[in-house]
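Novice: Reminder that position 138 of the sequence shown reads as 137 in numbering that gives the first Met the number 0, one-by-one numbering, no gaps.
In this text, a Cβ means the ideal position worked out from N, Cα and C, and glycines have one as well.
Just so we're clear, the structure is a prediction, and the values are computed from it rather than from any experiment.
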Amino acid sequence: MKELQGKVCLVTGGARGIGRAIALAMAESGADIAFNYQQSRERAEEICRLIEGKGVRCRTFAANVTSEEEVNRMVQETSDSLGPISILVNNAGITRDRTFMKMTRQMWDEVLEVNLDGPFNVTHAVLPCMINLGWGRIINISSFVGLTGNFGQTNYAVTKGGINSFTMALAREVARKGITVNAVAPGFISTDMTKDVPASVLDQVRAMTPMGRLGNPEEVADAVTFLASPRASYITGQVLSVNGGIYM
Ligand code: NDP
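1. Is T147 near the ligand NDP - that is, is its Cβ less than 7 Å away from at least one heavy atom of it?
2. Taking 7 Å as the cut-off, is the CB of S39 close to at least one heavy atom of the ligand NDP?
3. Is it a yes or a no for the segment 205-218 touching the segment 169-180, going by three-plus beta-carbon pairs under 8 Å?
4. Would you give the residue range spanned by the beta strand (DSSP E) that F288 belongs to?
5. What residue from T190, Q203, G135, K53 has the CA that sits closest to A174's CA?
6. Could you tell me the boundaries of the beta strand (DSSP E) in which R262 lies?
7. If you draw a straight line from the C-alpha of G54 to the C-alpha of K194, how long is it?
8. Examine the ligand NDP and report whether any of its heavy atoms sits within less than 7 Å of the Cβ of S142.
9. Return yes when the C-beta of T59 is under 7 Å from any heavy atom of the ligand NDP, and no when it is not.
10. What does the Cβ neighbour count give for R171, buried or exposed, with the cut at 16 atoms within 10 Å?
11. What ranges does the beta strand (DSSP E) occupy inside the segment 164-246, keeping only unbroken runs of at least 3 residues that lie completely in it?
12. Which first and last residues belong to the alpha helix (DSSP H) in which I46 is found?
13. If you measure between the beta carbons of R58 and A33, is that distance less than 8 Å?
14. Since M113 contacts I137 with CB under 8 Å, what's their CB separation in whole angstroms?
15. Quick test of your reading: V10 and S141, contact by CB under 8 Å. State the CB separation rounded to the nearest angstrom.
16. Output the distance between the C-alpha atoms of L132 and S85, rounded to the nearest integer angstrom.
In structure tokens, the structure reads:
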């Protein structure tokens with residue numbers, strides 16, 4: 000029997016990048032998968048077919064994590080069709096980079112809404128299912144930037160530092176209900192998020208990274224599926240770095 004067989008896993012932003020790799024890895028471990036997308040409908044349909052090809056069920060939703068209404072509908076429909084959600088991966092996230100003095104209020108607000116209000120909305124909707132089950136795994140995708148800060152990313156750093164604190168605070172609240180809450184903090188990973196970073200900056204990143212390369216989404220997904228598994232039953236409130244050594 001596969002490690003996550005019989006579990007229902009919701010991944011936010013599962014059509015691309017790290018979320019896509021997580022959805023596929025969770026399916027590989029036997030979980031039924033629900034994931035949402037905002038824009039990537041075609042990619043979502045393609046991933047859904049790949050997931051179903053692994054012998055598990057999959058549902059996709061067009062849902063913006065900043066909309067409580069859309070999130071609540073997604074969680075309800077997932078529970079109705081697949082069963083109660085016991086694994087949640089808060090992955091959806093955005094950047095709007097600019098040095099602080101040039102950063103507009105809109106750039107600040109957009110990043111906080113997706114990266115902080117999003118996990119609030121989804122976790123709030125899913126937690127009652129986990130409490131009823133007496134078992135749950137919440138894994139938040141943070142960033143090493145939440146631990147170190149980064150030039151041009153005050154908005155993003157605030158959200159990832161906030162996610163780390165959210166992880167620890169919520170872990171304390173729900174530990175006795177059989178629910179663990181952890182974060183995974185990736186370093187630079189090759190996805191759409193990093194593809195527009197100038198080549199010269201990526202060269203600097205490689206130089207600063209002891210492993211000398213960017214990570215790939217599957218390396219993050221491996222850490223996430225481990226934290227969802229029974230092997231991680233005594234791990235909660237942790238921020239696990241998957242970063243090639245760029246911050247240690
Ligand atoms: P991508 O830009 O490749 O993908 C972002 C994902 O988030 C997409 O699936 C997108 O959906 C979804 N998304 C964005 N906004 C919303 C929204 N409002 N509602 C629903 N879904 C939304 O990013 P990555 O895969 O690189 O990043 C995933 C996570 O990992 C993020 O939280 C990011 O901060 C974090 N991270 C990434 C690092 C990297 O180097 N790549 C490093 C450290 C952390 P759609 O395609 O439908 O728009």
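Specialist: Result, derived from the coordinates:
1. Shortest gap from the CB of T147 to any heavy atom of the ligand NDP: 7 Å or more.
2. Because some heavy atom of the ligand NDP lies under 7 Å away, the Cβ of S39 counts as near it: yes.
3. Taking one beta carbon from each stretch, the segment 205-218 and the segment 169-180 have fewer than 3 pairs nearer than 8 Å; the two do not touch.
4. Residue 288 lies beyond the range of the chain shown here (0 to 247); nothing can be said about it.
5. G135
6. Any question about residue 262 goes unanswered here, given that the chain covers just 0 to 247.
7. Cα-Cα distance, rounded: 32 Å.
8. Yes.
9. no
10. exposed
11. 178-185, 238-241
12. Run containing I46: 40-51, per the alpha helix (DSSP H) assignment.
13. yes
14. The sequence given here has Val at residue 113, not Met. At roughly 18 Å, the Cβ-Cβ gap does not stay under 8 Å, so V113 and I137 are not in contact.
15. Wrong, their Cβ atoms sit about 15 Å apart, outside the cutoff.
16. Across the structure, L132 and S85 are spaced so that their CA atoms are roughly 8 Å apart.
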